[in-house]
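Asker: Position 1179 of the sequence shown, counted from 1, bears residue number 1179 in UniProt numbering, the numbering being contiguous throughout. C-beta atoms are modelled at their ideal positions from N, C-alpha and C, and glycine is treated no differently.
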Amino acid sequence: MELEEEGREFMEDLPYNLGLGCALDMFREVQEVNEILNMVVEDSQDATKAEKRSARLSFILDQYQEQPHLLDKHLDQMLSKLIDTVRQKNMPMAAIHLGFRYLGFLTKVRGYKILVRHLPHEVGDLDPVLEMLESRGTGREEDENWETTYMLILWLSIIILLPFDMKKLDPRSLLLSAGDAEMQSRRPLHGRVEDVIRKGLEKQYHNCCEAAAFLSAKLFLRPDMNQSHLSQFLQWCMQIIQDDSEENKWRIGALRALAQIFKQGGRETLLPQAPIVFESIKQAQLLNSPVTLVRKIAINIVQRIGLTFLKPRVAKWRYDRGSRSLILNVEKNSRISSQSETQEKQDLMGGKDSEEDEGYEIPDEVEEIVEILLQGLRDKDTVIRWPSAKGMGRVTGRLPKELADDVLGSLLSLFSPLESENSWHGGCLALAELGRRGLLLPSRLPEVVPILQRALVFDEARGNFSVGRNIRDAACYVSWSFARAYSPQEMAPYVPVIAPQLLIVACFDREVNCRRAASAAFQENVGRQGSFPHGIDILTTADFFAVANRRHSYLDISVFIAQYEEYREALICHLVERKLNHWDIMIRSLAAEALHRLTFLAADYMVHDVIPKLKQGILSNALYLRHGALLGLGEIVHAISLHANSQGLSFHDILGEEHEQFCASFLVHLEAKGAFRQMSREMMRIASSAFICKMTLSHLPIHDNLSLLETWLEHLKENLGAVESAVQESAGNALGKLLDEYLSCPQDKKKKEMTDGICQDILSNVRSSNLGRRTGYALAAGYLPESVLRSRLSVFLETLYACSHIQHPSEETWAEARREAVKSIASIIQTMPMDPCGELEMSFNTDAVNRAFCELMVCFQDYTIEEKKRGDIGAWVREAGIRALTILAEKSLDCMASDVDQKSLHTLLLNLCQQACEKIERTRILAADSFLHILHLERLPVTVPCIQRLREVLPVSCKEEWYEGKKDTFSRFVPLLSLDHGYGRHVLMGLVVSTGDLAAGNSQTSMGALECYLSSLEGNAKALESFFSLLVGIFAEKSDEDRIAIPLMRTATSLLKSGYLEPLLNDVNVPVPGCMMDLVRCTKAGMSKRMNKTPPITKVFLGVELLVSCLSCRDPRIQRSCLGSLTIHLGSVYPRLRHTTGTALYQALLMSSSDSSWVSEENSGEVLRILEDTDWMSGDVEKLRGVRDELCCLLDVPPPIRKT
């Protein structure tokens, strides 16, 4: 109950009784926070603990930044703990600094204006606080503990308000009579405080500057200070602001001080100084300063000076709606007579100007101030426009009605087409402020609402971006403020205008903040006005969170709203007039899709009103309009076709012959406009292909117009040969639909000839020596319908199989062509039926399926790298192969499970294991997903090796883990290392590529999974030896393949250093496996092949690290073999290789134990000395080789024999 009472009191204090949704209800961590505050002294002695506690406290308090009032009940208790700590004498400075840091955290959340009221203000605190401030230095320590200075200044600002004469508060005055010479020499109290202020104002962009400005207002506005010292301080500030040089460190601080003084000071006190300060502001030309902060503070000062010139009063002419409580509005007493309401309305409309006081004159400076505020509304920075708008509202509220009306007239001039977008934004903010304060009378609404209507959809293109998002957001704020300011009777005439506009923004605005702002404004109007049609029903769908998703807003929410006739035409008109010609291609596409869905609700309106506009748009010279109109027309015609079919109506009768003819001949119109030869022609090619596709799906009656079909086919073939993949994709899709709809009649000889010609073009271009044509036509093959593929299946498969492989070295980087060929094979597998005994030309029989497995399995070997450009482009082919093989496996098991080659399925699972552990995350997840899908197919033969164990290790639930990021694929597939039948080998082959990757994320995650697996083998020497043999076997097989060998060498080095293989290598009871010597041999062989490179490549340096790691093996033969190779590199002609080898040997010797040391104990010191003292980067190779030979004698290895 106590908490409920606290919340109720807070809500009553709010100006409009705002309700808080999704909010915290209490300060739940108060006990933990108090425990942290109680440990200040103890924590200050341990820097690590103090930092940890500080981070925790900051994290807790930051959660309450949006609801800081929840701290109020506990604020005094928390502050008292910290103040008691810093007050104690002989308290270590570390504890004091930590206490003030915690105070800083509280201040950040609650705000210094609130928190300072809770600080103690006793006379005894004045001198200690001031002395502590005076003792603060200017070095690094003060910067690190700036919270101490900041909080001391704020504390002093409340202490200085003690209601005693300043002279009585001064300790100096108490000791003057005693003849204390030191005290007599000290400055008076006000002088000392002023020194603190000036020192704080020097830190221009620091919190201490703001606190010092706050303190200056508290000091100089004291009754005993404002007469004698205020004018002097203001004079100093005015002198400072006149100097705009970079050396002036006080300018921003002086401006902050002036702003605080005029904000907190009384009118009588500041009125004599106001004209002087205003003149100084104008002379300094602060409003033209390039520094945004200077202009912002100057605007604040100017508006406060304006308020000083005007008497503080509430304008009786303002519009006052009355109670703003929703509850009270609902429960409004109905006993108010109609006569009183009529009289009240007349007064509110300004029919009676009773507030005019005789003899009240408006100073001339006010006109200048209003003009400055109007200029501030035009400023380029939002942080200037916003205070200007608030200042405009404050100043207007103190003006007579006539002058206020003049101000509003000047404000409305900001919405001229000649004004910039900044003026529109500032004007909207000012309108909202005037409306919120009741200063915008209902008589002005006929002028304001049309401006609001234009501002809600303000969007001006500027190249590849637009301006206006802030204007639309501010316009929503205006709508929100009007809902709270005016009665439903006043707003009723404008509801038919405002309601559709707000819903248009909520559904169709490009920016999420604007959509959400419009939704919030609509909700406010529904709640406050109650006259928005179907408001409650719409709000349940178009709420603040639902409109966050742009696609959902366009395609779902808009359709829901359009079911109400009041909004339907407005939504459609906005899409046609403003979104189909939008600069963003994504918005044009979404608008076209939205029109498709809206057509089902307004088919007649689309035919008679929208389509004629779109036809004009297609004939326009404006690129964006032409593109959007073509997309929109295609979507609408397709929707009309579907609508006609669902209603049993004639498509021809609904659309009309004129529109049909235009759709059929659209290419003629576009060609006449040169649409495919101008800039951004690829955009129009995509749209034209999409339009053909939509006309085909609409069953446009042109089946017998072969010349037109030939024109369309030629256009699609041109698009297939384009370079851009999006153009090819769109053309391929349209071609497949066109062939299926118009040319699938084998009885028609001419159509069959056209189909044969298209097939021949595809087959020939798939073999083309032009990359673009090969890619486009390979893609098109995948869109061919079954009617076309039937009787041509084998030739298409053979051609695509050839295209999916690297036929010539010059085609190695044509990965996109191979990818599209594989994707088309997958599409054909889905399209054509499967019959074990069927004819190859008509379906996939057993031989065709087995052949497809073999051909597609080659994709797993495509590791084409395009250096310095696109990287691992072979991954595109591998991923396409994974998808194709998954489709093939699933469909073949469904149709002919007993005839599928189990060896192919086993090989597929092995390759998927490897891909699921490699370094590209996208490929890993795809492979793991496919592996899981195939593994759990019901018809997968149980005779596939290890299938039961695989299903235990990898249950179906794994898919959610790696898609949601809860777990990586490595940890799931690593247990397969212990399996036979090739699973362990393929998993390890993929895993070493990831563990040896240079990307830290990949290597750490994969190495962590591998180390976890090796930890599970502790005590199992046989399993460990099997793993190591597997690793070395892969190295021996792939030593010439740098893609695997290099990361494998990194992995082996890491494992040897990590100690996981130590039981295998250093246990005297376990014989050293022969594979260890194989590892050394492979390393040496790989290094020797690369030594001919100039300079030595990465593999040589990795080999040095691996050989040095192998020295940890206790077998002397292995040690001697490694040292023999390493000493050769100590005498290399390459300085970097010598240095790397020497450093690695030195570090290895330092870390080696006496049991496994590869140098005798008596020689180890000398070897260390030589390795350390020798400059291996020296250019004297012969001298270094002599040193190397000396090392060989100490290491008991024969010196390398020089080649003659």
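(1) Starting from Phe278, follow the beta strand (DSSP E) in both directions and report where the run begins and ends.
(2) Thr163 to Arg87, Cα distance in whole Å?
(3) Between the C-alpha atoms of Pro363 and Thr292, what's the straight-line distance to the nearest angstrom?
(4) Can you name the start and end residues of the alpha helix (DSSP H) that Phe931 belongs to?
(5) Only counting the same chain, and skipping five residues up and downstream in sequence, which positions put a Cβ closer than 7 Å to that of Val370?
(6) Helix, strand or coil: how does DSSP classify Glu460 here?
(7) Pop quiz: Leu976 and Cys913 are said to be a contact at Cβ under 8 Å. What is the actual Cβ separation, rounded to whole angstroms?
(8) Select from Lys869, Met834, Arg878 and Ser135 the residue whose C-alpha is nearest the C-alpha of Glu855.
(9) Mapping DSSP to helix, strand and coil, what is Leu1181?
(10) Tell me whether Met679 is buried or exposed, calling it buried when 16 or more other Cβ atoms sit within 10 Å of its Cβ.
(11) Run through the region 638 to 682 for me and flag every whole beta strand (DSSP E) of 3 or more residues, listed as ranges in chain order.
(12) My understanding is that Arg267 touches Thr308, with C-beta atoms under 8 Å, so please give their C-beta distance in whole angstroms.
(13) Are the region 619 to 627 and the region 651 to 664 in contact at 8 Å, needing three or more beta carbon pairs?
(14) Determine the direct distance from the alpha carbon of Lys73 to that of Leu270, and round the result to whole angstroms.
(15) Which residue marks the beginning of the beta strand (DSSP E) containing Ser466, and which one marks its end?
(16) Which whole-angstrom value describes the C-beta separation of Tyr1146 and Leu1171, a residue pair presumed to lie in contact below a C-beta threshold of 8 Å?
(17) Taking a contact to mean a Cβ-Cβ separation below 8 Å, would you say Asp509 touches Arg462 in this structure?
(18) Taking only runs of the alpha helix (DSSP H) that begin and end inside the region 699 to 772, which ones reach a length of at least 4 residues, in chain order?
(19) Using the C-alpha atoms, what's the distance from Ser44 back to Met91?
(20) If you draw a straight line from the alpha carbon of Ile1034 to that of Met989, how long is it in whole angstroms?
(21) Only counting the same chain, and skipping five residues up and downstream in sequence, which positions put a Cβ closer than 8 Å to that of Cys514?
(22) Residues in the same chain with beta-carbon distance under 6 Å from Ala499, minus the five sequence neighbours each way, listed in chain order, please.
(23) Closest to Leu130 by CA distance: which of Ala734, Ile702, Tyr150 and Leu61 is it?
(24) Does the count of Cβ pairs from the region 234 to 244 and the region 282 to 290 closer than 8 Å reach three?
(25) May I have the straight-line CA-CA distance separating Arg1185 from Arg1136, to the nearest angstrom?
(26) The alpha helix (DSSP H) with residue 1207 in it runs from where to where?
(27) If Leu779 sits next to Glu729, beta carbons under 8 Å apart, how far is it from one beta carbon to the other, in whole angstroms?
(28) If you measure between the beta carbons of Cys1012 and Ser971, is that distance less than 8 Å?
(29) Measure the alpha-carbon distance for Asp353 versus Gln303 and round it to whole angstroms.
(30) Between the alpha carbons of Val1080 and Ile1046, how many angstroms are there, rounded?
(31) For Glu213, which residues from the same chain have a beta carbon less than 6 Å from its beta carbon, with the 5 sequence-adjacent residues on both sides left out?
(32) Roughly how many angstroms lie between the CA atoms of Cys958 and Phe1028, to the nearest whole one?
(33) Closest to Phe651 by C-alpha separation, out of Gly628, Met695, Phe676 and Leu614, would be which residue?
(34) Per DSSP, Met834 forms a beta bridge with which residues?
(35) Flag this pair as yes or no: are the beta carbons of Leu784 and Leu739 separated by less than 8 Å?
(36) Nearest-angstrom Cα distance between Gly782 and Ala644?
Answerer: Based on what the coordinates show:
(1) Run containing Phe278: none in the beta strand (DSSP E); it sits in the alpha helix (DSSP H), Ala274 to Ala284.
(2) It is worth fixing the name first, because residue 163 is Pro in this sequence and not Thr. When rounded, the distance between both Cα atoms is 22 Å.
(3) 29 Å
(4) Glu921 to Leu935
(5) Val395 and Val407
(6) strand
(7) 6 Å
(8) Arg878
(9) Note on residue identity: the sequence assigns Val, not Leu, to residue 1181. DSSP places Val1181 in helix when its eight states are reduced to three.
(10) exposed
(11) none
(12) 6 Å
(13) no
(14) 36 Å
(15) Phe465 to Val467
(16) 4 Å
(17) no
(18) 706 to 720, 725 to 742 and 749 to 766
(19) 11 Å
(20) 7 Å
(21) Arg469, Arg472, Asp473, Cys476 and Val505
(22) Phe532
(23) Tyr150
(24) yes
(25) 15 Å
(26) The chain is shown from 1 up to 1204; residue 1207 falls before or after that span and cannot be answered.
(27) 7 Å
(28) yes
(29) Low confidence applies here, because Asp353 scores a pLDDT of 46, under 50, leaving its location unreliable and the question unanswered by this model.
(30) 14 Å
(31) The amino acid occupying residue 213 in the given sequence is Ala; Glu does not appear at that position. For Ala213, where only same-chain residues beyond five positions count, the Cβ hits under 6 Å are Arg256, Ala257 and Gln260.
(32) 28 Å
(33) Met695
(34) Phe844
(35) yes
(36) 31 Å
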